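Chains as they are written, first to last, in our numbering: chain A, 1 to 140; chain B, 141 to 280.
Number of protein chains: 2
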Amino acid sequence: MSRVEQDIRDKFRRSGYTLTSQRRAVLDALRDSDGHPSAEEIYLAVKKKNPRVALGTVYQALSVLEEIGVIDTKHWSDSPTRYDLNTEPHCDIRCVRCGRVDEIPDVDLGDLHSRLQPNTPYEITEAALVVEGICPACRT
Amino acid sequence: MSRVEQDIRDKFRRSGYTLTSQRRAVLDALRDSDGHPSAEEIYLAVKKKNPRVALGTVYQALSVLEEIGVIDTKHWSDSPTRYDLNTEPHCDIRCVRCGRVDEIPDVDLGDLHSRLQPNTPYEITEAALVVEGICPACRT
DNA sequence: TGCCAAAACAGGAATCGTTATTAGTTGAAC
DNA sequence: GTTCAACTAATAACGATTCCTGTTTTGGCA
Chain A
1 MSRVEQDIRD KFRRSGYTLT SQRRAVLDAL RDSDGHPSAE EIYLAVKKKN
51 PRVALGTVYQ ALSVLEEIGV IDTKHWSDSP TRYDLNTEPH CDIRCVRCGR
101 VDEIPDVDLG DLHSRLQPNT PYEITEAALV VEGICPACRT
Chain B
141 MSRVEQDIRD KFRRSGYTLT SQRRAVLDAL RDSDGHPSAE EIYLAVKKKN
191 PRVALGTVYQ ALSVLEEIGV IDTKHWSDSP TRYDLNTEPH CDIRCVRCGR
241 VDEIPDVDLG DLHSRLQPNT PYEITEAALV VEGICPACRT
């Protein structure tokens, strides 16, 4: 069993949630996808193996997976939420033309939180970069 | 007439859009609000002076105002879009408990775009920070 | 000033991603 | 095997936003 696999099982055990076949299927769909699928895309992938799953189940599974820290979610405006197995802080960019999402490597976001905190009386809980652009394929 | 006022008129003239009383009212509501109101809040403020305006009109006015560069929009997940007269790049933080939005001062975002661009083949069109936290009043 | 075409508007229906509800199913603990 | 809580499928409901249609307003021009 891989380290990642073990980590997932640990997080389920600690949380009290059970790793059901539907949640497993959502994780598999995320692993097998090439990028940052939407709930709809995950739903379609899961449906191929088990046509009985409902879209609502996918949403609920995703919310559990996010809660226990197995997946990350990313929001862009005018676009459905994207999901991602990678829980390391990283920066994603979305193509405004085709919707494709890719990671921007070598961006140090670790200090974002600590760099902002001294400037606000709020207690920062979340700090993310939302980046949009035009991907090479769409630039033509 | 203030500099800001003149700037708004110029932007309308150049764009070809007309500065109607409804669009004027939306701008006034933004100016008189204490922060970063949602479309709904702007709608309610506008309605006080002219009860006949429709919510759809507010949305359309906001979209025109954004297009010609008079206002900024900010998106947080699980929350309606917020609008802002300030078009200088700046960083806002939203309270996850009460929804209040405040600016985080002294954050240099000017180089965000140029810092990210070398690391991606995308042509970056937009780079923003989305920050959430708990405001002093909600920390109790 | 009065007319006309284009733009903008009001009102309400429609859309879309997401969440809530509810009844039924599963599966682990005894 | 029985029991009970957790989970699921199906579908209704929701909120923010956009779209549509007929009406009103606006700016250009005689």
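Heads up, the beta-carbon is just placed ideally off N, CA and C, and yes, glycines get one too. Nothing here was measured: the structure is a model prediction, and the numbers come from that model.
Subject >> Opposing strand residues paired with glycine 209/B [DSSP bridges] >> reply: Its beta-bridge partners do not exist; DSSP assigns none.
Original post:
Ordered along the chain, which non-local residues of its own chain (more than five positions away) have a Cβ less than 6 Å from that of leucine 27/A?
Top reply: If we look at leucine 27/A and ignore the five residues flanking it on each side, it has no Cβ neighbours.
Original post:
Which class does tyrosine 59/A belong to by DSSP, given the choice of helix, strand or coil?
Top reply: In the structure shown, tyrosine 59/A sits in a helix (DSSP, three-state: H, G or I).
Original post:
Should proline 37/A be labelled buried (16 or more other beta-carbon atoms within 10 Å of its own) or exposed?
Top reply: With at least 16 other beta carbons inside 10 angstroms of its own, proline 37/A counts as buried.
**OP:** Using the Cα positions of glutamine 162/B and glycine 16/A, report the straight-line distance between them to the nearest angstrom.
**Re:** One C-alpha to the other measures close to 54 Å.
Original post:
Mind checking if histidine 215/B is an interface residue toward chain A, Cβ cutoff 9 Å exclusive?
Top reply: For histidine 215/B, the answer is yes, since a Cβ of chain A falls inside 9 Å of its Cβ.
Original post:
Since proline 276/B meets chain A, which of its residues come closer than 8 Å, beta carbon to beta carbon?
Top reply: Within 8 Å Cβ-Cβ: Pro121, Tyr122.
Original post:
At which residues does the beta strand (DSSP E) containing leucine 252/B begin and terminate?
Top reply: Careful: leucine 252/B lies outside any beta strand (DSSP E), inside the alpha helix (DSSP H) at 252-256.
Subject >> chain A within 9 Å of aspartate 147/B, Cβ atoms only >> reply: It does not: the Cβ of aspartate 147/B has no partner Cβ on chain A nearer than 9 Å.
**OP:** Could you tell me whether any Cβ in chain B is nearer than 9 Å to the Cβ of threonine 81/A?
**Re:** Judged by the 9 Å Cβ criterion, threonine 81/A is in contact with chain B.
Subject >> Among Lys11/A, Val107/A, Leu116/A, nearest to valine 64/A - alpha-carbon criterion >> reply: Checking every option, the nearest Cα to that of valine 64/A belongs to Lys11/A.
Subject >> Nearest candidate by alpha-carbon position, reference alanine 169/B, set Ile182/B, Asp251/B, Asn190/B >> reply: Looking at the Cα atoms, Ile182/B is the closest of the given residues.
Original post:
Count the other CB atoms within 10 Å of the CB of glycine 273/B; is the residue buried (16 or more) or exposed (fewer)?
Top reply: It is buried - the Cβ of glycine 273/B has at least 16 other Cβ atoms within 10 Å.
Original post:
With C-beta atoms as the reference, is cysteine 278/B less than 9 Å away from aspartate 242/B?
Top reply: Going by C-beta atoms, cysteine 278/B is not nearer than 9 Å to aspartate 242/B.
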